[in-house]
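Asker:
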Ligand SMILES: Nc1ncnc2c1ncn2[C@@H]1O[C@H](COP(=O)(O)OP(=O)(O)OP(=O)(O)O)[C@@H](O)[C@H]1O
Ligand SMILES: [Mg+2]
C-alpha cells in the first residue's frame, strides 16, 4: 500500500500567448493520501484547473513529475495514458460535458464502453449495465436513464457526470468546480453526494474558489502566485 | 461499441449527414443509370457486329475478289476449330424499281443462305423469312423468281417508338440491279460493250440487323446471282470474303491466328495461280469491325472519365460536410479523450460515419437506379407519347429499346467507389479530429 495516491513535485506550466509568456504554475508540490477529501482553492486565474488537468493527465506539465501510486504519469506512453484517464481517475467538469447524442445510461457507461472491445462489450454488457444502473440509483437518477442530457436540470447533469466519473471505480476522483454552475441548494446536494462517496472510501480532489465549500473538505490547498500557499 | 453507437447517432441527428447521403445517392444513381445504358449500348453494338460477321473473316478490300476460295474452305472445314464457313461477295451496285427511272447506289452482298445462316445470325434479321433463312431469296408470292433482300431503311421507316411497321403480306416490288464487272486486273471487264450487268429481282424480304450501315445501304442476293452480276464467275470463280464461325469452345483470337497461318500456307502453295490471293486479310470480327466500334468505345471511355470527376465531387462534398461535422463535434472529441479514447478510436468514429453514409447513400442511389432502369423504357414510352421526347436518338444507335441490363460487376465497382470516396473525403477531417488535445478543446468550449 503506497503512502500517497498521487503526488506532484516541482510542477511548472507555461502558456505562451504570442510573445508573452504566462507562467501559471511555478513549481507546485502537493500530495494526497488514499481516502482523503482535498479542496484546491485560489483566486480566479491562479491555475487551479491547470493543476487538476495535469493531475488527470489531460495536460502535460512543462517540468516536474506527477506520481500516481508511485509511477510517474508524465513518462507514460500514450496507450498507458489513455488507460490512466479511463480507469485510474474520474474527471468531473464544471460544465458537465455530457455527450448530447447519448442517453443518461450511455453517458454513465461511456468509460466502460471506451475500454471494451466489441466482443468484450457483448460479453460484459449485463454487468456494465447493472453497474450504471446501480450508480444512477445512488445518484438519484433512477427514472432518468433513458433521457437525453438536454432533458435534465443542471444538478442532474452534474450527477450524471459524477456517475460517469465513477463508472470504472477509479481510485481517484477529480472534480473541477462541480458546484460552480449550480445554485447553492443544488450545489449542496452535489457536495453531499461527494461527501457520501468519500465516507465510503473514495479519494477526492476538488477545485473550488468558494471557501465555504472548501471548508467541507478534510484539507484545503491554496494556490497563489503559481505556488502552494503557506500554512498547508 | 460506443463508436458505432455514436456514429449512428451522428448520422441520425445531423441534417448534414442526410445531405451527404442524398449527395452520394444522387451521384450513384446517375452513374449507375448512365453507365448501364452506355455499356449496354456498346455491348449491344458489339454483339450486333459480331453476329453480322461471324467469328473470323478472310477478306479482300479489292472489288475484284479472290479465287480458289472453295479449296481453302475445304481446308478450313478440316480444321477442328471451325464450325461453319460462308463465301461472300461484297460489291457496289445500282438498284432501281423497274417501274421508275430513279436509282440508288447500294452495297450488294452475295451469300449462299444455306451456308451463311450457319455462320452468322443474318437469318434473324429477316421479317417474312424469320426462322426460314434458307429460303431468304425465294419471294413468298412466287418462290421461283429470284429474290432480293433489302436493308430495312430502304423499305420502311421507324415509327416514333423506334419500331418498323410491316404489312402482313410482302410488297410486290420488281427491282433491277446493275453491277460493274471488273477484270482480275481491276479494269472494266466489258469495255466497249454494255459495261454493266443487270438482272431483275423481286422483293423477298427486308433485313434489320440493327447496324446502321447494312440497314441503310445493303441489299442481299444469292451468291450465284451476284457472282454472275459482277462477272466473278469466270474464268475462275471469285468471292470477296469467307465468313467463319468457330466452335464455341475455342478462343477466337487463337483460332483466327490459326486461320491466318493456314491462309499463308495456302497462298504460298498457290501464289502462281493468282496474284489476287496476296491482297487478302485474315481478321477476327473485332478487328474487322474496329472502325465501327472504336468511336463508341471512345465515347464510353470519355463518359467514364467524366464520372470519375463526379467521384471527385463526391469526395469534396463529403469533405466539406465532414469538416462541418467535426467542427460541431469537437467538444465530444475532447470528452471522449478525457475518458481514455485513443486517437484511433476518434478517427474510427468519423470513418464509421462516412462508411455508413457511403453505404446508405449508394444503397439508396443504386436501388433508385435499378428501379429507374427497370422502367426506363416505359418512362421513355410515356415521354415520347406525351411530349414527343426521346431519351436516345434512334437513328444514331439504331436500337429499339434502351438497354437496361445491369452489370453486377459494374454495379459493385460503383458502390465500392462511392464508399471509398466517402472514406477519402472524411479522412482528413477525421485525422484532424483525432489529433485534437482534450484540454484545448474543453477550455475553448467553456468560453
Ligand atoms: N490554453 C491556454 N492558453 C493560454 N492561457 C491559458 C490556457 N489555459 C489557461 N490559461 C491561463 O492560465 C491561467 C490559469 O488558468 P486556470 O484555468 O488554471 O485558472 P483557474 O484557477 O482554474 O481559474 P478559474 O477559477 O477562473 O477557473 C489563466 O490566466 C488562464 O488565462
Ligand atoms: Mg478553473
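Chains as they are written, first to last, in the working numbering: chain X, 1 to 232; chain H, 233 to 679. No residue lacks a Cβ here, since even glycine has one placed at the ideal position from N, Cα and C.
Measure the CB-CB distance between residue 111 of chain X and residue 33 of chain X and report whether it falls below 8 Å.
Answerer: no
Asker: Out of curiosity, what's the CA-to-CA distance linking residue 136 of chain X and residue 151 of chain X?
Answerer: 16 Å
Asker: Which complete beta strand (DSSP E) runs does the stretch 283-366 of chain H hold, if anything under 3 residues is left out?
Answerer: Taking 3 residues as the shortest admissible run, the stretch 283-366 of chain H contains the following complete beta strand (DSSP E) segments, listed from N- to C-terminal end: 288-292, 314-329 and 335-343.
Asker: Say whether the stretch 106-125 of chain X touches the stretch 69-80 of chain X, bearing in mind that this needs 3 or more beta-carbon pairs closer than 8 Å, one atom from each stretch.
Answerer: Output reads no: the stretch 69-80 of chain X does not touch the stretch 106-125 of chain X.
Asker: At which residues does the alpha helix (DSSP H) containing residue 654 of chain H begin and terminate?
Answerer: First-last of the alpha helix (DSSP H) with residue 654 of chain H: 640-666.
Asker: Closer than 8 Å, CB to CB, is residue 567 of chain H near chain X or not?
Answerer: Judged by the 8 Å Cβ criterion, residue 567 of chain H is in contact with chain X.
Asker: Just list the residues that DSSP pairs residue 90 of chain X with in beta bridges.
Answerer: The partner list for residue 90 of chain X (beta bridge, DSSP) reads X:173.
Asker: Out of H:259, H:557 and H:641, state which residue places its alpha-carbon closest to the alpha-carbon of residue 664 of chain H.
Answerer: H:557
Asker: Should residue 675 of chain H be listed as close to ligand 1, given that the test is whether its C-beta is under 7 Å from any heavy atom?
Answerer: yes
Asker: Quick check on DSSP: helix, strand or coil for residue 167 of chain X?
Answerer: coil
Asker: Just to check, is the beta-carbon of residue 672 of chain H closer than 7 Å to a non-hydrogen atom of ligand 1?
Answerer: yes
Asker: For residue 37 of chain X, I'd like the list of residues in its chain whose CB is within less than 7 Å of its CB, leaving aside the five on either flank, ordered along the chain.
Answerer: 198, 204, 217 and 218
Asker: Nearest chain X C-beta to residue 586 of chain H closer than 8 Å, yes or no?
Answerer: no
Asker: What does the alpha-carbon distance come out to for the pair residue 451 of chain H and residue 376 of chain H?
Answerer: 19 Å
Asker: Could you confirm whether any beta carbon from chain X is found closer than 8 Å to the beta carbon of residue 679 of chain H?
Answerer: Confidence at residue 679 of chain H is low in this model, with a pLDDT of 42, below 50, so the placement of that residue should be treated as unreliable; the coordinate-derived value is given next. Closer than 8 Å: no.
Asker: Which word fits residue 193 of chain H, buried or exposed, when buried means at least 16 other C-beta atoms lie within 10 angstroms of its C-beta?
Answerer: Residue numbering for chain H in the displayed model covers 233 to 679; residue 193 of chain H lies beyond these limits and cannot be assessed.
Asker: Going by the C-beta, is residue 210 of chain X closer than 7 Å to any heavy atom of ligand 2?
Answerer: It does not: the Cβ of residue 210 of chain X is nowhere closer than 7 Å to a heavy atom of ligand 2.
Asker: From residue 604 of chain H to residue 590 of chain H, what does the alpha carbon distance come to, in whole angstroms?
Answerer: 20 Å
Asker: Would residue 140 of chain X and residue 182 of chain X be called neighbours here (beta carbons separated by less than 8 Å)?
Answerer: Not in contact: residue 140 of chain X and residue 182 of chain X (Cβ atoms no closer than 8 Å).
Asker: What is the C-beta distance between residue 325 of chain H and residue 343 of chain H, in whole angstroms, given that I count them as a contact (C-beta under 8 Å)?
Answerer: The pair is not a contact, with the Cβ atoms about 14 Å apart (cut-off 8 Å).
Asker: For residue 46 of chain X, which residues in chain H fall below 8 Å Cβ to Cβ?
Answerer: At a C-beta separation below 8 Å, residue 46 of chain X has no neighbours in chain H, since its nearest C-beta there lies roughly 15 Å away.
Asker: Would you mind sorting residue 537 of chain H into buried or exposed? The rule is 16 or more other CB atoms within 10 Å of its CB.
Answerer: exposed
Asker: Cβ of residue 234 of chain H within 7 Å of any heavy atom in ligand 1?
Answerer: no
Asker: Among the residues of its own chain, which have a CB less than 7 Å from the CB of residue 465 of chain H, if the five just before and after it don't count?
Answerer: 459
Asker: Indicate the three-state DSSP secondary structure (helix, strand or coil) for residue 581 of chain H in the structure shown.
Answerer: helix
Asker: When the cut-off is 8 Å and only beta carbons count, does residue 241 of chain H lie next to chain X?
Answerer: yes
Asker: Comparing the C-beta of residue 108 of chain X with each C-beta of chain H, is any distance below 8 Å?
Answerer: Not closer than 8 Å to any Cβ of chain H, the Cβ of residue 108 of chain X fails to qualify, so no.
Asker: Secondary structure at residue 98 of chain X, three-state DSSP: helix, strand or coil?
Answerer: coil
Asker: Given a threshold of 16 other Cβ atoms within 10 Å of its Cβ, counted over all protein chains shown, does residue 81 of chain X qualify as buried or as exposed?
Answerer: It counts as buried.
Asker: Please classify residue 85 of chain X: is it buried, with 16 or more other beta-carbons within 10 angstroms of its beta-carbon, or exposed?
Answerer: Residue 85 of chain X is buried by the Cβ-count criterion.
Asker: Does the beta-carbon distance from residue 490 of chain H to residue 411 of chain H come in below 8 Å?
Answerer: no
Asker: Cβ closer than 8 Å: which chain X residues qualify as neighbours of residue 577 of chain H?
Answerer: 114
Asker: With 8 Å as the threshold, decide whether the Cβ of residue 582 of chain H is near any Cβ in chain X.
Answerer: no
Asker: Name, in chain order, the residues that DSSP records as bridge partners for residue 411 of chain H.
Answerer: H:325 and H:429
Asker: Mind checking who residue 158 of chain X pairs with in its DSSP beta bridge?
Answerer: Residue 158 of chain X is not bridged to any residue.
Asker: Applying the criterion that 16 or more other CB atoms from any shown protein chain within 10 Å of the CB defines a buried residue, is residue 420 of chain H buried or exposed?
Answerer: exposed
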